[in-house]
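Asks: First the structure, then my questions, so here it is.
There are 2 protein chains.
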Amino acid sequence: MTLHSEIFEQPERLAALLEKQKQTVLEIAKAIRARNVQYAFLAARGTSDNAGRYANYLWGAHNGLPLALATPSLFTYYQSPPQLKGALVIGVSQSGQSPDIVSVLEEGRKQGCLTLAITNVPDSPLAKAADLVLDIQAGVEKAVAATKTYTTELMAIAMLSTALNASEEHWRELASVSKWADQALALDQRIAQMAQRYRYMSQCVVLGRGFNYATAFEWALKLKELTYVIAEPYSSADFQHGPIAMVAGGFPVLAVAPNGKVRASMQDMLTRLRKQKDAELVVISDHADVLALAQSPIQLPPQIPEWLTPLVCILPAQLFACHLTEVKGYDTEKPRSITKVTETH
Amino acid sequence: MTLHSEIFEQPERLAALLEKQKQTVLEIAKAIRARNVQYAFLAARGTSDNAGRYANYLWGAHNGLPLALATPSLFTYYQSPPQLKGALVIGVSQSGQSPDIVSVLEEGRKQGCLTLAITNVPDSPLAKAADLVLDIQAGVEKAVAATKTYTTELMAIAMLSTALNASEEHWRELASVSKWADQALALDQRIAQMAQRYRYMSQCVVLGRGFNYATAFEWALKLKELTYVIAEPYSSADFQHGPIAMVAGGFPVLAVAPNGKVRASMQDMLTRLRKQKDAELVVISDHADVLALAQSPIQLPPQIPEWLTPLVCILPAQLFACHLTEVKGYDTEKPRSITKVTETH
């Protein structure tokens, strides 16, 4: 099955990207530092937009760089793009083909901003519209549901953060990602078994916070694309401001809660969901007390630095979505209604 | 019922806000113009975050002002706020009390940025942390589900846009909002009848685009808070990049598609959903062909300028959520698990 084998390509692709593109990333960082960049303005859709959510937290926390997620329709339908002075304009797209994302970069360049394309197709329209191109080198992605291009986009974002900080410690930590990814994939058979329990799940929410807000969105997207489960992602804080009302006994809540600064806040929410609301919990974590709250605990390899957990946490989540698709009797290779390259305006 | 009566207060509250706060808004606009503001950095949660989504499109389209939605956990849990040079830092909160939103403004002020609070409580911690305060004057909101504070937040955002542009035409258009709101509320009985059909709806998606992306989010939030329906909001473009796979025959899709620049794109999506996927459509629009696609059409008053449609479209959506709550046998005044003021960190 192509989806499953592409999920298993990830440790190798991540290692190769880190090795082969480090020099390019250092040059991109140099070009960025040479400009008076005050914030990043990032355009993406779908899986790539979720990678953008990681950039929002990582570049904010590690690089002090605020990030605005673009609203592409302002550039296309409304034809009234904002003034982008001071912005580094970034487009993230596997195919580099969606016209609305390309138009954001074209406008950024027209306004004299520095522009960067993060893409799997270095001769795509998106790459051609950009001053700087970061090729994620994931190889051709055949499965409709994106997996290896998501994690390589995250790796590209993490490498750029590291290059901007010139942090040798972070480069060293990045070198272990491929090994952790391998360890996470060893959960494959256990997750295949676990997915049985969710054969008749039709809806769920997916919680994550901080760096793993992105992971919650991407896990939910894989479930929607592949299993047709209505899966809605939230930060645990936004969830508390209203949507928690939906949860009644047995309601399934999937959560990404590894060690780190937001772990205690996630643990409080999961404790409340389990003890007071009798929710059903599927939890990805490396923390024993958090895992103990879940009917379905998914144990991460230990000692991953918090900023890199999104690159590893998504792997068991991808496996969960992949196996649940089969358990539900659907075709992982032919999700209904969607195509590999979606062109929106 | 308090919720229903607060929904009906909106025409009056909107008119009063426009009249009483115009001078304050002009002064705020003057203070903003005196600074070298390159983008807005806005922090909010829940309903107020949806008002921020409107600001994202409106200020982008009418004022050329890019907007970044803040990630408050960077300011609280991670304690590594981004460098906000060049930003106008804005907090939007009905109560003005959530510590994470207050901390974003405090940090903005510390970094020397101009700060603005948009709130219903002008002596709240949020207001005290801000250089500029825009009091939305909605009166005490007793219902747990926010309605009048959402539309007055939108009005405050629209007034600020108009003041920044010094557009007399836009001030004139704003003066009609209260009348359109009145006309929209006349749909009350029809919507109460319509809600019967959705007695057993347990999940749905809510689509909107451009200015009404915010409306889709806010409609979905009211449904989640009050009716416990799993309601997931999307722009029609993001929906196409994956989640459309969830839709099978009879799947309910709620949509906000008034006349304007994105109407044709919404109409294409709704046509596909109805004709190819046999979806169930509830549609708010003022366009006959769009309404004709819906099993449950909700007709807006005619001739509302597109930029002001979010202030009117949300009213029938609020009524729909309110009546559906009663139809399902729940209490509109006591949604489970949520409180009026949610304090997140």
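Protein chains in written order, with the working numbering: chain A, 1 to 345; chain B, 1 to 345. Glycine included, C-beta positions come from ideal geometry on N, C-alpha and C. Here the structure is a predicted model, which is why all the values come from computation and not from measurement.
1) So the beta strand (DSSP E) Tyr-39(B) belongs to, where does it begin and stop?
2) Going by the CB atoms, is the gap between His-241(A) and Arg-45(B) shorter than 8 Å?
3) So Ile-230(B) is in the beta strand (DSSP E); what residue range does that whole segment cover?
4) Looking at the structure shown, is Pro-99(B) part of a helix, part of a strand, or coil, going by DSSP?
5) Please list the partners that Glu-225(B) has in chain A, where partner means a Cβ-to-Cβ separation under 8 Å.
6) What is the rounded straight-line gap between the Cα of Asp-135(A) and the Cα of Gln-193(B)?
7) For Ser-285(B), tell me which candidate among Lys-179(B), Leu-164(B) and Gly-208(B) has the shortest Cα-Cα distance.
8) Can you name, in chain order, every residue of its own chain whose Cβ lies under 6 Å from the Cβ of Ala-43(A), other than the five neighbours on each side?
9) Is the beta carbon of Met-266(A) less than 8 Å from the beta carbon of Ala-257(A)?
10) Start and end of the beta strand (DSSP E) containing Cys-204(B)?
11) Does the structure place the segment 295-313 of chain B close enough to the segment 331-341 of chain A that three or more beta carbon pairs sit under 8 Å?
12) Looking at chain B, which residues of the segment 317-339 of chain A have a Cβ within less than 8 Å of any of its Cβ atoms?
13) Can you tell me which of the three DSSP states Val-247(A) falls into?
14) How is Pro-72(B) classed by DSSP in three states: helix, strand or coil?
15) Residues of chain A with CB under 7 Å from Asn-56(B), in chain order?
16) Looking only at C-alpha atoms, which of Ile-244(B), Leu-84(B), Glu-27(B) and Tyr-57(B) sits nearest to Gly-64(A)?
17) Is Leu-185(B) near Phe-320(B), with beta carbons less than 8 Å apart?
18) Alpha carbons only, please: which of Ala-248(B), Val-262(B), Gln-318(B) and Leu-88(B) is nearest the one belonging to Glu-6(B)?
19) Leu-293(A) and Arg-274(A) look like a contact to me (Cβ under 8 Å); what is the Cβ gap, rounded to whole Å?
20) Let me check one thing: in DSSP terms, what residues is Thr-119(B) bridge-paired to?
21) Hey, out of Gln-38(A), Ala-237(A), Met-269(A) and Lys-22(A), whose CA is closest to Trp-171(A)'s CA?
22) Provide the residue(s) that pair with Val-282(A) in DSSP beta bridges, ordered along the chain.
23) Can you tell me whether DSSP reads Ala-87(A) as helix, strand or coil?
24) Measure from the C-beta of Ile-284(A) to each C-beta in chain B and report whether the shortest distance is under 8 Å.
25) Using a threshold of 8 Å, state whether the C-beta atoms of Pro-66(A) and Ala-68(B) are closer than that.
26) With contact counted as at least three CB pairs below 8 Å, one residue from each stretch, are the segment 166-180 of chain A and the segment 105-121 of chain A in contact?
27) Hey, does Glu-232(A) have any beta-carbon neighbour from chain B nearer than 8 Å?
28) Beta-carbon of Phe-41(A) versus every beta-carbon of chain B: anything under 8 Å?
29) Just verifying my parser: in three-state terms, what is the DSSP assignment at Leu-114(A)?
30) What is the rounded straight-line gap between the Cα of Asp-268(B) and the Cα of Gln-276(B)?
31) Name the residue from Val-205(B), Asn-120(B), Ser-236(B) and Trp-219(B) whose alpha carbon lies nearest to the alpha carbon of Phe-251(B).
32) Any beta carbon from chain A within less than 8 Å of Lys-110(B)'s own beta carbon?
33) With distances taken between CB atoms, is the gap from Ile-314(A) to Val-144(A) smaller than 8 Å?
34) Going by DSSP, what residue range makes up the alpha helix (DSSP H) through Arg-272(A)?
35) Could you tell me the alpha carbon to alpha carbon distance between Glu-12(A) and Gly-260(B), rounded to whole angstroms?
36) Closer than 7 Å by beta-carbon distance: list the chain B residues that pair up with Thr-119(A), in chain order.
Replies: Reading from the atomic positions:
1) It spans 39-43 - the beta strand (DSSP E) in which Tyr-39(B) sits, taken as one unbroken run.
2) Their beta carbons are under 8 Å apart, which means Arg-45(B) touches His-241(A) by this criterion.
3) From DSSP, the beta strand (DSSP E) with Ile-230(B) extends over 230-234.
4) Here DSSP, grouped into helix, strand and coil, assigns Pro-99(B) to helix.
5) One finds Gly-242, Pro-243 and Ala-245 in chain A with Cβ atoms closer than 8 Å to the Cβ of Glu-225(B), taken in chain order.
6) CA-to-CA, the gap between Asp-135(A) and Gln-193(B) works out to about 55 Å.
7) Considering only Lys-179(B), Leu-164(B) and Gly-208(B), the residue with the shortest C-alpha distance to Ser-285(B) is Gly-208(B).
8) Contacts found: Ala-70, Pro-72, Gly-91, Ile-101 and Val-104.
9) Between Met-266(A) and Ala-257(A), the CB-CB gap stays under 8 Å.
10) According to the DSSP assignment, Cys-204(B) belongs to the beta strand (DSSP E) that extends over 203-207.
11) Taking a cut-off of 8 Å on C-beta distances, the segment 331-341 of chain A does not touch the segment 295-313 of chain B, as fewer than three cross pairs fall below it.
12) Going along the segment 317-339 of chain A in chain order, one finds Pro-335, Arg-336, Ser-337 and Ile-338 with a Cβ nearer than 8 Å to chain B.
13) Coil, per DSSP.
14) Here Pro-72(B) sits in helix by DSSP.
15) Under the 7 Å cutoff, chain A gives Thr-71.
16) Comparing C-alpha distances from Gly-64(A) to each of Ile-244(B), Leu-84(B), Glu-27(B) and Tyr-57(B) shows the shortest one belongs to Leu-84(B).
17) Contact: no.
18) Of the candidates Ala-248(B), Val-262(B), Gln-318(B) and Leu-88(B), the one whose C-alpha sits nearest the C-alpha of Glu-6(B) is Gln-318(B).
19) Confirmed, Cβ separation roughly 5 Å.
20) Under DSSP, Thr-119(B) forms a beta bridge with Ser-93(B) and Asp-135(B).
21) Checked all of Gln-38(A), Ala-237(A), Met-269(A) and Lys-22(A); the closest Cα to Trp-171(A) is Lys-22(A).
22) Paired residue(s): Leu-254(A) and Ser-296(A).
23) Three-state result, Ala-87(A): strand.
24) Residue-level contact by beta carbon fails for Ile-284(A) and chain B, as no gap is shorter than 8 Å.
25) The beta carbons of Pro-66(A) and Ala-68(B) sit closer together than 8 Å.
26) With a cut-off of 8 Å, the segment 105-121 of chain A and the segment 166-180 of chain A do not count as touching, because too few Cβ pairs lie within range.
27) Nearest CB-CB separation between Glu-232(A) and chain B: below the 8 Å threshold.
28) Residue contact with chain B for Phe-41(A): present (Cβ-Cβ distance below 8 Å to some residue of chain B).
29) For Leu-114(A), the three-state secondary structure derived from DSSP is strand.
30) Taking the straight line joining both Cα atoms gives about 11 Å.
31) Of all alpha-carbon atoms in Val-205(B), Asn-120(B), Ser-236(B) and Trp-219(B), the one lying nearest the alpha-carbon of Phe-251(B) is that of Val-205(B).
32) No, Lys-110(B) does not count as interfacial toward chain A.
33) No; because the gap between Cβ atoms is not below 8 Å, this pair is not in contact.
34) For Arg-272(A), the uninterrupted alpha helix (DSSP H) segment begins and ends at 263-275.
35) So the alpha carbons of these two residues sit roughly 48 Å apart.
36) Residues of chain B passing the Cβ test: none, with the nearest at roughly 15 Å.
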